[in-house]
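The next block holds one structure in the form of structure tokens; read it before the comments.
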Amino acid sequence: MTLTAALRLTRPNFRLDLDLEVAPGEVVALLGPNGAGKTTALRLLAGLTRLTEGHITLDDQPLHDLPVEKRPIGMVFQDYLLFPHLSALDNVAFGLRCQGTGKAESRRRAFEWLARVGLEDHANVRPRQLSGGQAQRVALARALVIDPRLLLLDEPLAALDAHTRLEIRSHLRRHLADFDGATVLVTHDPLDAMVLADRLIVIERGQVVQEGVPADVARRPRTDYVARLVGLNLYRGTAAGHHIKVDDILFTVTEHLEGPAFLVFAPSAVALYRTRPDGSPRNLWQATIDGVERHGDNMRIHLDGPISAAADITPAAVAELDLTPGQTVWASIKATETHAYPA
Amino acid sequence: MTLTAALRLTRPNFRLDLDLEVAPGEVVALLGPNGAGKTTALRLLAGLTRLTEGHITLDDQPLHDLPVEKRPIGMVFQDYLLFPHLSALDNVAFGLRCQGTGKAESRRRAFEWLARVGLEDHANVRPRQLSGGQAQRVALARALVIDPRLLLLDEPLAALDAHTRLEIRSHLRRHLADFDGATVLVTHDPLDAMVLADRLIVIERGQVVQEGVPADVARRPRTDYVARLVGLNLYRGTAAGHHIKVDDILFTVTEHLEGPAFLVFAPSAVALYRTRPDGSPRNLWQATIDGVERHGDNMRIHLDGPISAAADITPAAVAELDLTPGQTVWASIKATETHAYPA
Amino acid sequence: GSEGGTAAAPATTPAATAAAPTELTVFAAASLTETFTELGKTFEAAHPGTTVKFNFGSSATLATQITQGAPADVFAAASPATMKTVTDAGLATAPTVFVKNKLQIAVPPDNPAKVESLKDLTDPEVKVALCAEQVPCGAAAVKALDAAGLKVTPVTLEQDVKATLTKVELGEVDAALVYQTDVIASAGKVTGIAFPEADQAINDYPIAALSKAPAADLAKQFVDLVLSQQGKDVLTKAGFEAP
Amino acid sequence: MAGTGREAVAGRLPWVLVVPAGLGLLFLVLPLAGLLVRAPWATLGERLVEPEVLEALRLSLVTATVATGICLVLGVPLAWCLARLSFPGRRVVRALVTVPLVLPPVVGGVALLLVLGRRGLVGQWLDSAFGITLPFTTAGVVVAEAFVAMPFLVISVEGALRAADLRFEEAAATLGASRWVVFRRVTLPLIAPGIVAGAVLCWARALGEFGATITFAGNFPGQTQTMPLAVYLALETEPEAAIVLSLVLLAVSVIILASLRDRWVNSP
Amino acid sequence: MAGTGREAVAGRLPWVLVVPAGLGLLFLVLPLAGLLVRAPWATLGERLVEPEVLEALRLSLVTATVATGICLVLGVPLAWCLARLSFPGRRVVRALVTVPLVLPPVVGGVALLLVLGRRGLVGQWLDSAFGITLPFTTAGVVVAEAFVAMPFLVISVEGALRAADLRFEEAAATLGASRWVVFRRVTLPLIAPGIVAGAVLCWARALGEFGATITFAGNFPGQTQTMPLAVYLALETEPEAAIVLSLVLLAVSVIILASLRDRWVNSP
Ligand SMILES: Nc1ncnc2c1ncn2[C@@H]1O[C@H](COP(=O)(O)OP(=O)(O)OP(=O)(O)O)[C@@H](O)[C@H]1O
Ligand SMILES: Nc1ncnc2c1ncn2[C@@H]1O[C@H](COP(=O)(O)OP(=O)(O)OP(=O)(O)O)[C@@H](O)[C@H]1O
Ligand SMILES: [Mg+2]
Ligand SMILES: [Mg+2]
């Protein structure tokens, strides 16, 4: 086990309580809403904030007593924190110089990394003259060049444009694949998390609410936050055989379950009707339209009613059904499009 | 016409040349790769950077001669720039106070806006104690509360978590819908651009490369950057009737065109075969696998060869075909899955 | 009582005008601090309702202040040269020498260098402090040494006699040439050694009532007091010599 | 053990910094120890009740505080202009600001007399037009102290302004703040530590000011005789008393600074 | 017309800042004008070639520069400790640093004598152990100047340190930089403007230092007689000469500061 950490922190308005195990070479993504404590967790791991309680062990070595600079870490900050008085190249070379590498060699390796993030042309530029995304790439190179044992990434791709993001993401992936240390990645972007991480830890208000491999988390969200993140409608109900009762609605599902259970389905699987349909779908309820917005090529309809749900339908269908907020519609979902699992 | 601007700026390594017209109530999104000049364009509009040449006219009033503080603008910076010595509430109230609104009234309205962005609990908190996303929401409220005639947003949603992003996006949408001023929005996120903007302007290296309504830009990208942004493979070739010749490959398409033309298709529409298939797809070529990466639930295969392309296939298919980098495969695409338009 | 400001003097502040008859301003060299403060008390006792304000400082500074229009009535300088600046500017006439001051060799009480005469100061092993030539005690020291035909290499040329004395008190130097008055004022922290050549290098202290004095009468009376026997008693008690 | 002010886990103390710091402190404090050893403690109580001493102390505190106020009002805007405006001759102006720093204070006093004295360039006009004479008045003490102390404030504050992040000021401008509002509501609070440091230097310099004061304002007890002047006269008569007076001035100022500065410095 | 240093479109000049700034500048510069008017220009050339004047000028520049060097070496670490370490008694230490600011310089000189003089607490040991005596030597001048000028540096730099963004230091620590490396390679460059400002104050104060120098180091031409001492003595006999000497000192220092500071200040 490379990294074992029990992170406990108490602030007047906030408590963090997070147990973390990251195997060598594994990438764990911390997901969570704004203010959940993701950055705080990274700062605790880095030693920038002192643990109220708990411990951090890396490669069987206690880390929590070491000062920041002795920890074999690399960190990318949410707002980059490039040294304003150093060129991009010297920013990247900084960590190597701290490790005692010679000036020429440091610069050579720094330049190599700058080139990897596509900024060889900006080697001699001061951070002030870099665009946001360029700055973030320099910050990434700066953290990676020192070959850390534990890599801490605070939203490393947030400011990148779609193209660069793809590229840097695959660079990052490749590097992470070669990398035999532990990586903890904070991100908001489910795609980043899915692509980069081997395991997800979702925290809310400082507490772990779900943990697992990305596909599993994506298929079986356990909180509203996760459900929205992966774009599913999530409900908690009571199962009895192939039926789950959510509020007053009885859903038929394909799984056989007993007791408290979760039920999910995709917005795109929801069908809407102006009048009560007479078809095969058994899961049918009456809802009020709360809002309509564009969502990619489709329109997303927010439904209120006994349960609230999102439904994605084509703009043509919206026009045809003449859906407007406040209107009452029938929503239905096929049993085969639902997924249920124990709560 | 609310806003008419001809923005020309020359820097040693960078030239910006951008003509902009934004109608009252219209939202124009500036898209472009890192370093394209998006932030620079906003700074020119705000008066934070001086035009080398050109003009800015808002509501028939020349704006380019006005100092920053006299321009009726609201701006959200890429890195927020909340005043560290003021509470969140006072940050939001700042602009109102500058307009001469009384202290109590300013705070009341500021609090209203803080509540709208879901931060009523953090009114008295200093920016240093806000998480990244919380800070961005405060910045947004600070710019919106002063009812600007021209709203300048530099990646207003970049740091928000998926849930908040959705919420703030719809708040923003609603506010922008009520808003009769012009809005210029800089973003990397195609979804944000599609949802929020009435029109997109794509710039690269300081020059406009494409302009149009979101759906049009999404369907008919004209540069690699835009194509990647909207997730399509894009090629430039020469059309003759239902055929387009790209490099040495002759594609059959449904459209009838003559002369230079663009051809696009989705990665998910590409089929891969280990041996030359004998089926109906007419568009067939031999490619080398350059890389494989997870992409959502599927795997994305990067193909090299006469033309480079991305193909999305299921993990099961990857395993079955035993695809590894360096291998040669046959790629095909149905004519009905392509789209062609004049270059 | 006395008359107010003369016609030649520029208008004084209202406060000054009101207070003029009962307020006397004396500019005096810092070395006169103790004696003049005492004489001032005597003067106030003799002139009920009158206050004497002193401005003690370096004679040169006081002279500059007076030439720049300071509202002074009496100027008592520690050297004829500074008084000359004032008389040259036409601000005082006929200064009178009211006391003289004589040099002594000051040594620390334990006299580590065993100094006994002026000649001992020429020994390079003896650290000597003198006043700078520009200030009266320095000029006097030069005169005394010239008279004795001796050449002394001091380690420092101090800006005033008190600074010179401090060096002896703290044992930084083995000997210094200072005024007799300073030796007396140091109350045993230094020992004074008189030497015959001192008589050739006596420093005169002139005093004058200023011609534009706002309180001319009082000024004259104060000068008279200083020159009186009563004044002499106070001054000689402090080690000054009568002229 | 020492730790950082922040929440971070403390590392090894950097002796290469702590050792010279200790030496520096020793260098500043040892002479004080010398004074303390030498001071005639027996007479301290008696000194402290002398009305003249209290008067001089009060005058010193009042004039230094007023002078600091004047320096803040004139000096902070001057620092702002030097840091934020570009105008022809800015280099020259910046160099001129340092003049009173280098001028020996006594010469500074003479220069003030030449300009503001009763017969000075401006002074004679002030006198004839308004009946104001500055020399030999308490106001004159304030002028002399302000003249000598202002550069300390201007230079400290200019340094702070240059180090401050301009982008906050840009953000304020986009919110409609005029330069003055930006200055008052954004710049000032952001550079508060720099202003406090400058004001402390300025106040302390004014409190210890001697040469320009005695030359320009004279040495009248109760009116222009500040503590340093009293110390000077005491040196003429009884050096021990001078030490006691200095220690009194020291103690008072150190107490005031220690109680005020920590509050100001920690507030933002 | 004036404009901002940045690329932004210039707004209306904030007169509420520019007017007091102008007044402040006038206040600092007018006395200089007085000196210039009064100076005996005829004799200037003749003064300038006097070897003693040149000697005093050289000595002033050398000692002030060396003293500033010492202050930087000891004072910057001290400022760092005050700003970045929290240890019991920090308030007291911070207050003690201001001591030499408030101490009248002559008393400061006496205090130095009491400690470092031939019979001083430390001085007698220095003398017997190493045969080092500081009073009446050029080294003594440097000590006196450093003692008086160091607080200016310490307080300026501490202010700059407190205003600096700590998070850059955190970023450096995560890259493996020890506190010393953080200090040298991140903190120092970031607070360079503050250090320059502090060094300017310190140098100028050392250059103008008079009381402590003459008291501790004495006054001997070529060895301990700096310009302010020469000026003071000249004031005793020929005030005009004193004005000329002051102007020479001023001109030299203003030229040096103007040429150096703009380079340093603009570099980061
Ligand atoms: N220095 C601080 N002092 C006190 N409270 C803080 C501090 N920094 C953050 N907080 C609070 O701690 C909580 C967790 O903050 P943190 O920055 O870890 O959130 P986050 O998960 O990184 O959010 P985001 O996604 O918005 O960056 C928040 O409630 C925040 O307000
Ligand atoms: N202050 C500056 N001085 C000189 N060059 C600059 C400055 N700021 C930005 N640049 C350069 O100008 C170009 C445009 O920068 P800009 O910040 O406008 O990019 P952007 O489109 O906002 O990028 P991003 O998406 O990364 O934020 C870049 O090449 C950048 O390096
Ligand atoms: Mg965060
Ligand atoms: Mg940008």
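Chains as they are written, first to last, in our numbering: chain A, 1 to 343; chain B, 1 to 343; chain C, 1 to 243; chain D, 1 to 268; chain E, 1 to 268.
Idealized CB from N, CA, C, for every residue including glycine.
Cβ-Cβ separation, residue j to residue i (assumed contact under 8 Å), whole Å
i: L157 (chain A); j: D178 (chain A); result: Actually they do not touch by this definition, with Cβ atoms about 19 Å apart.
i: A111 (chain D); j: L153 (chain D); result: Not really, about 19 Å apart at Cβ, beyond 8 Å.
i: V217 (chain B); j: Q207 (chain B); result: Rounded, the Cβ-Cβ distance is 16 Å, inconsistent with contact.
Cβ-heavy atom distance, residue i to ligand 1, below 7 Å
i: G241 (chain B); result: no
i: R236 (chain B); result: no
i: R128 (chain B); result: yes
i: F14 (chain A); result: yes
Cα-Cα separation, residue i to residue j
i: K245 (chain A); j: A239 (chain A); result: 6 Å
i: A36 (chain A); j: S156 (chain D); result: 41 Å
i: Q99 (chain B); j: G181 (chain B); result: 18 Å
i: S170 (chain B); j: L81 (chain A); result: 31 Å
i: L272 (chain A); j: D290 (chain A); result: 14 Å
i: P77 (chain D); j: C202 (chain D); result: 15 Å
i: H64 (chain A); j: E53 (chain A); result: 10 Å
i: T2 (chain B); j: V22 (chain B); result: 6 Å
i: P40 (chain D); j: E238 (chain D); result: 11 Å
i: R205 (chain A); j: V125 (chain B); result: 17 Å
i: E241 (chain C); j: A206 (chain D); result: 40 Å
i: G176 (chain D); j: V68 (chain B); result: 7 Å
i: T191 (chain C); j: V107 (chain C); result: 5 Å
i: H55 (chain A); j: L44 (chain A); result: 10 Å
i: L66 (chain A); j: I73 (chain A); result: 12 Å
i: P221 (chain A); j: L234 (chain A); result: 7 Å
i: E34 (chain C); j: G57 (chain C); result: 13 Å
Any non-hydrogen atom of ligand 4 closer than 7 Å to residue i Cβ
i: Q78 (chain B); result: yes
i: T39 (chain B); result: yes
i: D355 (chain B); result: An answer regarding residue 355 (chain B) cannot be provided, because it is not within the stretch 1 to 343 covered by chain B.
Per-residue contacts from residue i into chain F (C-beta, under 9 Å)
i: S59 (chain C); result: The structure shown contains no chain F; its protein chains are A, B, C, D and E.
Near ligand 2: residue i beta-carbon under 7 Å from a heavy atom
i: R50 (chain B); result: no
i: H85 (chain A); result: no
i: A36 (chain B); result: yes
i: S131 (chain B); result: no
i: Q134 (chain B); result: no
i: G32 (chain B); result: yes
i: F210 (chain D); result: no
Residue i Cβ short of 7 Å to ligand 6 heavy atom set
i: R228 (chain A); result: Looking at this structure, you won't find ligand 6 anywhere; what it does contain is ligand 1, ligand 2, ligand 3 and ligand 4.
Interface residues of the stretch 104-122 of chain D facing chain C [CB-CB below 9 Å]: Within the stretch 104-122 of chain D, the qualifying residues are V106, G109, V110, L113, L114, G117, R118, R119 and G120.
The stretch 94-106 of chain B: positions lying closer than 7 Å to chain D by Cβ: Listed by position along the chain: F94, G95, C98 and Q99.
Contact list for the stretch 180-210 of chain D against chain B, Cβ threshold 9 Å: So the list reads V181, V182, R185, V186, P189, L190 and A192, given in the order they occur along the chain.
Short-range partners of chain A found in the stretch 156-175 of chain E, where Cβ spacing is below 9 Å: Legend: CB atoms of the stretch 156-175 of chain E lying less than 9 Å from CB atoms of chain A belong to residues D165, R167, F168, E170, A171, A172, A173, T174 and L175.
Chain A contacts from the stretch 22-47 of chain B (Cβ-Cβ distance under 9 Å): Listed in sequence order: L31, G32, P33, N34, G35, A36, G37, K38, T39 and T40.
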